[in-house]
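Only one structure is covered here, and it is reproduced in the block below.
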Amino acid sequence: MRFRQLLPLFGALFALYIIWGSTYFVIRIGVESWPPLMMAGVRFLSAGMLLMAFLLLRGEKLPPLRQTINAALIGLLLLAVGNGLVTVAEHQNVPSGIAAVVVATVPLFTLCFSYFFGIKTRKLEWVGIAIGLAGIILLNSGGNLSGNPWGAILILIGSMSWAFGSVYGSRIALPVGMMAGAIEMLAAGVVLLCAAFSFRRKARHAAWFIGVYGRRLPGVIRFYYRH
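Structure, rendered in structure tokens:
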């Protein structure tokens, strides 16, 4: 009887590790052909729209404005910043060993933010996180732990944002059920796409500036002095 009760839990954990863990591999493949912010934005916006449409067709109502704003804020912290920066870092060719070690700091930051918000933490939790972090470092010690430091910093900031959003989300009123996830993904998708188009426009302006002033202006100056 005990095993039958634990079997669904083991199945859920296995599915979580397979589905969640495979996303980083898929991200690494996706950023080879897509701009990182645009890929993340399209991913979350499309998923949020599909989930929202499913919930509305099922008869669920939109939550109050305050809960909607709270869910959008959590979406920015967890998905736009947390997952978005990981996607950008994957584009910077951060080795998987470094990514695994840095992402493993999320539980540590979660305990730190919990203490900041006045949530009691047990010593056993700190010991467990320390053992887990040491194990991940040990498993990746034989791999490539050198790479782009800026990418590792981006993942670290994303991990901190994810941890803060997780703790803060437990202290505010959020929509019930899957509605919270739909709003979070919609908000993150919109913000990530806006950021992607903004950076793309700046890059286009920079290329135009270099093309006009970097190439044409010297030619004009040479023409002026020759004549």
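The opening residue of the sequence shown carries number 5 in the numbering used here; numbering runs sequentially from there. For every residue, glycine included, the Cβ atom is placed at its ideal position computed from N, Cα and C.
- Take residue 51, set aside five residues on each side of it, and the residues of its chain with a beta-carbon closer than 6 Å to its own are 189, in chain order.
- Check the Cα spacing between residue 117 and each of 44, 128, 167, 83: the tightest is with 167.
- Residue 202 is classed as exposed because its beta carbon has fewer than 16 other beta carbons within 10 Å across all chains shown.
- Contact between residue 191 and residue 76 holds: CB atoms are separated by about 4 Å, below the 8 Å threshold.
- Residue 97 carries a coil assignment under DSSP once its states are collapsed to helix, strand and coil.
- At least 9 Å separates the beta-carbon of residue 183 from that of residue 61.
- In the displayed model, residue 122 falls within coil according to three-state DSSP, outside both helix and strand.
- Per the coordinates, the alpha-carbon of residue 89 lies some 10 Å from the alpha-carbon of residue 165.
- Within the same chain, Cβ atoms closer than 7 Å to the Cβ of residue 161 are found at 89, the five residues on either side in sequence being excluded.
- For the 9 Å CB-CB criterion, residue 159 and residue 79 do not form a contact.
- Using a Cβ distance threshold of 9 Å, residue 64 and residue 193 do not count as a contacting pair.
- Secondary structure of residue 84 (DSSP, three-state): helix.
- Taken through DSSP and simplified to helix, strand or coil, residue 154 comes out as helix.
- Annotation: the continuous alpha helix (DSSP H) that includes residue 78 extends over 69 to 79.
- Cβ contact annotation for residue 84 (same chain, cutoff 6 Å, sequence separation greater than five): 192, 195, 196, in chain order.
- Shown here, residue 180 sits in coil according to DSSP, grouped into three states, outside any helix or strand.
- Distances from the CA of residue 122 to each of 82, 11, 171, 47 were compared; the closest alpha carbon is that of 171.
- Membership of residue 52 in the alpha helix (DSSP H) is indicated by the continuous run 40 to 61.
- Proximity to residue 175 across 127, 129, 120, 134 peaks at 120, based on C-alpha coordinates.
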